[in-house]
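Asks: So for the sequence shown, the UniProt record's numbering puts the first residue at 1; every next one is plus one. By construction, the Cβ of each residue, glycine as well, lies at the ideal position given by its N, Cα and C atoms.
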Amino acid sequence: MNLASSFIDAEGVYGSTPEEAAARRIGKHGKITKPDMVFEPPFPTEDHARHSNRLLERVWATQHNRLAAVLEKLNPSWDDEQLFQEARRIVIAQIQFVTLNEYLPLLLGEETMAKYELSGDTSEFAEFYHTKIKPGTLNSFAAGIGEVLVFHFALTSKNFFFLV
1 MNLASSFIDA EGVYGSTPEE AAARRIGKHG KITKPDMVFE PPFPTEDHAR HSNRLLERVW
61 ATQHNRLAAV LEKLNPSWDD EQLFQEARRI VIAQIQFVTL NEYLPLLLGE ETMAKYELSG
121 DTSEFAEFYH TKIKPGTLNS FAAGIGEVLV FHFALTSKNF FFLV
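(1) Would you please state the rounded distance, in angstroms, between the beta carbons of Ala-93 and Gly-30? I believe it to be under 8 Å.
(2) Examine the Cβ distances between the stretch 20-30 and the stretch 107-116 and report whether three or more of them are shorter than 8 Å.
(3) Restricting to Cα atoms, I'd like to know which of Glu-102, Val-13, Gln-96 is closest to Arg-54.
(4) Kindly indicate which residue of Ser-16, Phe-7, Ile-32 has the alpha-carbon position closest to the one of Asp-80.
(5) By Cβ distance, which residues of its chain are closer than 8 Å to residue 169, with the 5 residues on each side in sequence left out?
(6) Could you have a look at Ile-95 and say whether DSSP puts it in helix, strand or coil?
(7) Reducing DSSP to helix, strand and coil, say where His-48 ends up.
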């Protein structure tokens with residue numbers, strides 16, 4: 001769960017502050033460290049709730065490093081910073097795509113996705129985007145509603161344990 005921002009921004013991979021992001025960087029070839037699969041927090045952070053899914057953090061960190069290597073081969077003149085930022089942008093976009101097109105339809109169902117227009121179709125986004133509307137929500141509300149939704153889904157769905 002992302003408690004630091006209202007965005008799907010790969011916070012579990014890159015951290016929520018510049019200091020956390022810097023601590024995760026190797027400093028060469030645009031690559032980042034991968035969390036160990038142990039029971040301690042994989043990265044230094046003040047919010048230990050973010051360490052709820054180390055496996056996914058490791059998968060996305062591995063994907064970041066793979067992309068950085070591909071980008072370096074395609075663009076040998078790019079420095080560490082540009083390789084890191086471009087790989088990061090791609091990983092964030094991939095996480096957003098998987099969340100909107102794979103995870104939410106399984107969690108909410110196609111009918112609910114259609115009812116609330118939550119599809120990943122981007123053809124009409126520019127028409128409805130307003131720069132003056134703040135996208136945030138109170139973290140306490142977001143965390144509470146997320147917990148309620150997950151437990152409600154777990155208790156009412158026959159297929160819940162197949163999704164986990």
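Replies: Let me spell this out:
(1) With 8 Å as the limit, Ala-93 and Gly-30 do not qualify as a contact, their Cβ atoms being about 16 Å apart.
(2) no
(3) Val-13
(4) Ile-32
(5) Because residue 169 is not part of the residues shown, which for the chain are 1 to 164, the question remains open.
(6) helix
(7) Below a pLDDT of 50, predicted positions are generally treated as unreliable, and His-48, at 49, falls in that range; the measurement from the model is reported next regardless. DSSP, reduced to helix, strand and coil, places His-48 within a helical segment of the structure shown.
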